[in-house]
Each structure stands twice: as structure tokens, then as C-alpha cells.
Amino acid sequence: MALFKYTLAVLLSLGTAETPSSPALADTRTPLPDSVITAGCSALARSLPSRVFLPGSGVYDYEVGNFWSNTQIRRPACVVRPTSAGDVSAVVRGSRATGTPFAVRAGGHMPVPGANSIDDGILIVMSNLTRISIAPDRASVDVGPGLTWEDVYAYLIDFERTAVGGRIAPIGVAGLTLGGGIGFQGNARGWAADNVLEYEVVLASGEVVVANETSNADLFWALKGGGANFGIVTNFKLRTVPSTQVLAGIYTIDGSHMEALITATADYATYNTDPLSHILPLVEIVNQTPTIGLVLFYDSATEANPASLDRFFAIPATDSTVAFKTVAEFVVERNSFSIPDINDVLFSGTVVGRNGDDVRAAIQLTHDVFYGKLPDLYAAVPPAALDYVSIGWQPVPGLWLEASRRANPGGNPLGLGSCPSSPVGGEEDKVYIAWVGIVMWEDARYDDAVERWIRDVTDAIDGAARERGLYDPFVYMGDAAGFQDVFAGYGAENRERLLRVSREYDPGRVFQTLMPGGFKIGL
2 MALFKYTLAV LLSLGTAETP SSPALADTRT PLPDSVITAG CSALARSLPS
52 RVFLPGSGVY DYEVGNFWSN TQIRRPACVV RPTSAGDVSA VVRGSRATGT
102 PFAVRAGGHM PVPGANSIDD GILIVMSNLT RISIAPDRAS VDVGPGLTWE
152 DVYAYLIDFE RTAVGGRIAP IGVAGLTLGG GIGFQGNARG WAADNVLEYE
202 VVLASGEVVV ANETSNADLF WALKGGGANF GIVTNFKLRT VPSTQVLAGI
252 YTIDGSHMEA LITATADYAT YNTDPLSHIL PLVEIVNQTP TIGLVLFYDS
302 ATEANPASLD RFFAIPATDS TVAFKTVAEF VVERNSFSIP DINDVLFSGT
352 VVGRNGDDVR AAIQLTHDVF YGKLPDLYAA VPPAALDYVS IGWQPVPGLW
402 LEASRRANPG GNPLGLGSCP SSPVGGEEDK VYIAWVGIVM WEDARYDDAV
452 ERWIRDVTDA IDGAARERGL YDPFVYMGDA AGFQDVFAGY GAENRERLLR
502 VSREYDPGRV FQTLMPGGFK IGL
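Under my numbering, the residue at position 60 of the sequence shown is numbered 61, and the numbers go up by one with no gaps.
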């Protein structure tokens with residue numbers, strides 16, 4: 002009966018069948034009886050006695066606070082540290098049998114409240130699933146879900162290889178890859194998910210399966226951007242690529258050069274033909290003063306002056322760390338700008354253009370709306386409590402989409418050029434700009450105020466872009482806020498296919514009901 006009441010509550014929160022996907026669900030369940038929670042944790046403690054940790058233990062206290070953002074911290078009834086796919090299977094079966102909800106935390110970097118944490122239920126942490134092993138031919142590497150991209154890059158250095166993955170050290174392999182994954186090598190190799198060769202997955206039944214191009218191919222497709230709607234991935238087999246050093250760093254520009262930066266970004270996004278380059282311009286507001294922190298990357302150990310980045314080097318810098326280094330060194334360098342133990346939120350969207358003028362107008366629009374809304378944020382949250390506010394632009398041009406198809410001929414569900422009948426599929430003359438906003442603040446008293454502000458900014462940017470014909474519905478899961486409907490932006494056909502795959506592999510809807518957090522495809 003307790004399971005039925007809980008499932009009904011989630012059904013109501015998910016809405017009707019006409020709206021199959023949902024924004025990330027806050028954990029608004031009707032509180033479960035203590036007997037259900039106790040039964041779930043007690044059963045696991047009996048079957049996995051060395052893996053289950055209760056409140057008051059050192060492991061419990063460490064794991065419930067081991068998140069990138071304080072917005073994620075919850076109080077689960079117990080923490081489970083599996084060491085194998087078999088352990089994960091036992092937890093899923095135990096949760097299902099007792100009706101106890103659960104959450105899964107891998108890297109812990111996604112700041113959506115409740116996405117990888119839970120109150121009262123079971124928190125499955127991947128801290129001990131950290132196996133990593135390169136294949137004899139060095140063309141692939143098996144990676145456990147508890148690893149971060151820093152771990153992967155550092156391991157691969159000795160083999161003069163790297164992988165297509167995250168751009169900051171603590172980002173987890175699992176979350177980034179299951180959300181599609183924007184990485185440094187996108188123009189040459191597509192999304193991070195395009196470079197996953199195989200997944201090991203624990204299904205809702207507890208069965209452990211392999212998904213690749215020839216086995217469970219529909220599940221293989223769905224995991225390349227479909228999030229945690231299909232199972233718990235316990236191993237990723239990633240393609241590796243040659244790498245010793247790259248040219249990379251942070252190129253810092255005074256805010257007075259904003260117009261030049263926007264023009265250079267638009268020109269690069271529209272006209273660049275060099276697949277080895279990557280940029281991420283971030284306009285950072287610290288102490289109410291704007292500074293441009295431009296992430297520059299060039300995948301070469303010898304080219305010190307790549308022509309594709311000349312338009313940026315032409316803008317005077319106040320500081321620059323651009324130099325030859327390993328990918329591992331660069332993601333650690335980027336993480337040095339992060340602020341620990343505070344509240345963080347990401348929010349995002351996409352604007353689109355067909356030529357340089359359109360793309361410039363689209364970037365300018367997001368900048369102007371964001372800046373125009375800043376006084377509202379400072380009125381709601383004391384400036385002293387705001388550690389960092391920024392907006393950035395991530396170009397996803399035809400070069401990227403072509404690379405995606407080469408790396409992954411079977412496609413992915415993201416909807417950008419990968420599905421002919423999706424709203425934007427196959428139109429290679431379009432240049433997509435995935436914009437991302439970031440707010441970091443202290444004091445949970447201001448959580449609601451920040452939430453209201455990011456909703457307002459997102460609505461304003463989307464509305465202005467629609468009016469100008471510069472809007473695209475794609476929302477990159479890795480940067481999305483909890484209120485955003487990620488799957489609506491994948492296109493109707495891809496969304497429906499994801500729902501079919503989810504129902505096939507999880508007919509009891511375990512990952513839609515008993516795992517309440519994250520972006521849901523629906524019932």
C-alpha cells in the first residue's frame with residue numbers, strides 16, 4: 002500500500018500522457034511511513050552488510066556532503082556504497098521489493114536539487130565503482146561511474162591518450178555522458194556520448210546487460226543523452242584518442258571589450274572550419290564588475306598560433322594562461338576558479354542563426370537580457386552574498402554535428418542534426434549557440450530568490466529570441482535548471498522514442514517513480 006501511495010503521488014506530479022516528459026522533479030513526495038524506509042535500509046543491511054551506512058557513521062556523514070553544490074545536500078535514511086554491478090542490482094531489487102525510493106550519485110556535480118540526492122530514502126553512491134582499464138590496443142578504456150574526468154584524463158596520460166569528456170576536473174563521467182556531454186573536442190569528435198562504445202547497465206529488474214551497437218541497440222541509443230531514465234550504468238567503455246599536450250588556457254579580457262568579444266565569438270561560430278579548436282567565452286560578474294574569461298583550446302602539441310583563434314588573440318588581454326599542457330592539467334586549472342561549499346545553480350537554453358549577423362544578434366540578445374536583469378538579482382540578494390554570476394556561449398555548428406555523425410553513425414536523441422524529422426535535424430547551415438548561466442551564492446535564505454531570478458531570465462531570453470526568430474528549444478541537460486523541460490527540446494520523434502525505450506526496459510516505471518530526482522521522460 003505504501004508503494005501504491007508513493008507511485009500515485011509521482012504519477013500526479015508527472016502529469017498526463019499528453020505531456021510525456023517532465024522537468025527535473027523536486028523531491029515533493031508524500032512522506033513515506035518510517036516502516037517503509039526502515040524496511041528498505043534494513044533489508045539492504047542484511048544482504049549487503051559491509052556496503053550500507055547509517056546516520057552517525059563517518060562514511061554516511063562524508064557521503065551526504067560530497068557534492069559540488071550545497072543545493073544537493075539531503076538526509077537519506079541510509080547510504081549504500083556498491084563495489085560491483087551485482088551490488089547495484091541488489092539495491093535496485095531491494096528498493097523495488099520494499100517500495101523505498103532511492104537516488105544515485107556518481108560525480109555529484111549536477112546542482113539540480115534532488116537530482117542525485119534524497120531525503121529519507123536510499124542514497125546509492127558510486128565512490129567505490131572506480132575501476133579504470135585501457136584496452137590492449139589503447140583504442141578504448143573501461144571507466145567506472147564513480148570516476149571524474151580528471152581521473153580519466155590523468156590515467157590516460159601515461160598512454161598518450163585522452164577521451165572526449167568534461168571540461169572541469171570534478172565533473173563526473175556518468176552525469177556528463179548520460180546528458181550528451183559538451184567537451185573540448187566537439188568540433189572534431191561530436192558529443193561525449195557519441196564516443197561511448199558500450200555501457201554496462203543495471204535494469205529495473207536487477208538484470209545486468211550490455212548495450213552497444215549490436216546488443217540492446219535501442220538502449221545504447223537512448224543512453225546517449227537520455228539521462229537516468231533507463232537503468233544505472235556501472236561501466237562506460239569510452240573511445241580514446243591520441244593526445245600528449247594541447248594548447249589551452251584562460252584568456253582574460255577587460256569587460257570594455259565586450260563588443261569585440263561578441264563579434265569574434267559569432268564569427269568563430271559561423272565561419273570556423275578548424276575542428277581542432279574550441280572556445281567557451283564566459284562573462285563573469287564579480288563584485289558587480291564584468292570580466293571576460295575566455296576558455297581557449299587547440300588540440301595540438303606543436304601549433305602555438307592557430308589561425309582559427311587569431312580573432313580572439315587580437316583582443317587585448319589583461320592576463321593569459323594559454324600554453325601547452327595536458328588535458329588533465331587544464332581541467333584542474335579551470336577548477337581552481339570554482340568556489341567550494343556554497344550554493345550553485347546552472348540554467349541554459351539555445352539560440353540559433355543562419356549567418357554571422359544572425360549569430361551575433363543571438364549572442365547579443367542573450368547578453369543584453371542577462372545584463373538587463375542583473376539589477377533585479379541584486380535587489381533580491383545582497384551583493385555580498387553573491388560570489389559569482391556569469392553567462393557563457395557554447396557554439397555547436399555544423400562542424401560539430403558532422404563530427405557527431407562520423408563518431409556515432411547510429412545517432413543520439415539530442416535532436417541537433419541527428420534526427421531527420423526533428424525540428425532542427427539535418428539543417429547544417431544553422432549555427433546553434435548553447436548559452437549557460439551560472440549563479441553562486443552563500444546562505445540558503447536566498448535560494449528561492451535566485452530560483453525566481455533564473456526563471457525570469459530564462460523566460461525573458463527565450464521570449465526575446467522567439468520574437469527575433471533566433472530561438473531553438475534545445476536545452477543541454479548538463480547545464481539545465483530543474484524547471485526546464487530538457488526532452489521537449491529533443492524533438493517530438495526523439496522524445497517519443499525515448500519513452501518507448503524507457504517503457505521497454507523499465508515496464509514497472511521504477512526509474513520514473515522510485516527514483517524521483519533528475520529529468521524524467523515520463524510514465
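Glycine residues also receive a C-beta, built at the ideal position from the N, C-alpha and C atoms.
Exercise for the section: Have a look at T245 and P137 and give me their C-alpha separation to the nearest angstrom. Expected result: 19 Å
Practice task
Identify the continuous alpha helix (DSSP H) that holds D369 and give its terminal residues.
Solution key: G357 to A381
Practice task
Would you kindly work out how many angstroms separate the C-alpha atoms of L281 and A270, rounded to a whole number?
Solution key: 11 Å
Exercise for the section: Any chance you could list the alpha helix (DSSP H) runs of at least 4 consecutive residues sitting entirely within the region 410 to 470, in chain order? Expected result: 448 to 469
Problem - Given V360 as reference, the closest of S141, I392 and Y472 once Cα atoms are compared - result: Y472
Handout entry: Cβ-Cβ distance between G187 and G108 below 8 Å
Key = no
Handout entry: Own chain residues within Cβ distance below 6 Å of S118, not counting five before or after
Key = Q73, R75 and A104
Practice task
Would you list the one or two residues that DSSP bridges to W394?
Solution key: W436
Handout entry: Start-end ranges of the alpha helix (DSSP H) lying completely within the region 164 to 244, minimum 4 residues
Key = 174 to 179, 187 to 190 and 218 to 223
Problem - Span of the beta strand (DSSP E) around D143 - result: S141 to V144
Problem - the region 125 to 135 / the region 80 to 87 touching (three or more Cβ pairs under 8 Å) - result: yes
Practice task
Note the first and the last residue of the continuous beta strand (DSSP E) segment covering V81.
Solution key: C79 to V81
Problem - Of the residues E214, Q513 and A465, the one placed nearest H368, counting alpha carbons only - result: A465
Exercise for the section: Spell out the partners DSSP gives R162 in its beta bridges. Expected result: P243
Exercise for the section: Look up P307 in the DSSP assignment and say whether it is helix, strand or coil. Expected result: coil
Practice task
Could you check which residue in T163, I462 and D159 has the C-alpha nearest to that of D300?
Solution key: T163
Practice task
Establish whether the CB of A466 and some CB of chain D are separated by less than 8 Å.
Solution key: The question asks about chain D, but that chain is absent: this structure has only one protein chain.
Practice task
Buried or exposed for G147, please, with buried defined as at least 16 other CB atoms from any protein chain shown within 10 angstroms of its CB.
Solution key: buried
Problem - Closer than 7 Å: Y252 CB and nearest the ligand ADP heavy atom - result: Ligands in the displayed structure: none, and consequently the ligand ADP is not present.
Problem - Range of the contiguous alpha helix (DSSP H) that encloses R94 - result: A86 to T99
Practice task
Identify whether H258 lies in helix, strand or coil by the three-state DSSP scheme.
Solution key: helix
Problem - Close beta carbons around P508, own chain, < 6 Å, minus the five adjacent residues each side - result: none
Problem - Spatial neighbours of Q395 in its chain, beta-carbon cut-off 8 Å, leaving aside the 5 residues before and after - result: I183, L281, I434, A435, W436, V437 and Y477
Problem - Helix, strand or coil at R106 according to DSSP, with G and I counted as helix - result: strand
Practice task
Leaving out five residues on either side along the sequence, give the residues of the same chain with a beta carbon under 8 Å from the beta carbon of D275.
Solution key: N188, P307, A308 and S309
Practice task
Could you give the DSSP three-state label for N117: helix, strand or coil?
Solution key: coil
Handout entry: Span of the alpha helix (DSSP H) around S405
Key = G399 to A408
Practice task
Compare the beta carbon distance of V397 and L220 with 8 Å and say whether it is the shorter of the two.
Solution key: no
Exercise for the section: For S278, write down the residues that DSSP places opposite it in a beta bridge. Expected result: Y299
Handout entry: Residue range of the alpha helix (DSSP H) that includes T514
Key = V511 to T514
Problem - Residue from A481, R168, R446 and S96 with nearest C-alpha to A249 - result: R168
Practice task
Quick one: using the 10 Å Cβ neighbour count with 16 as the cut-off for buried, is S423 buried or exposed?
Solution key: Here S423 scores only 33 on pLDDT, less than 50, and its place in the model should not be relied on; the value that follows carries that caveat. The residue is buried, with at least 16 neighbouring Cβ atoms inside 10 Å.
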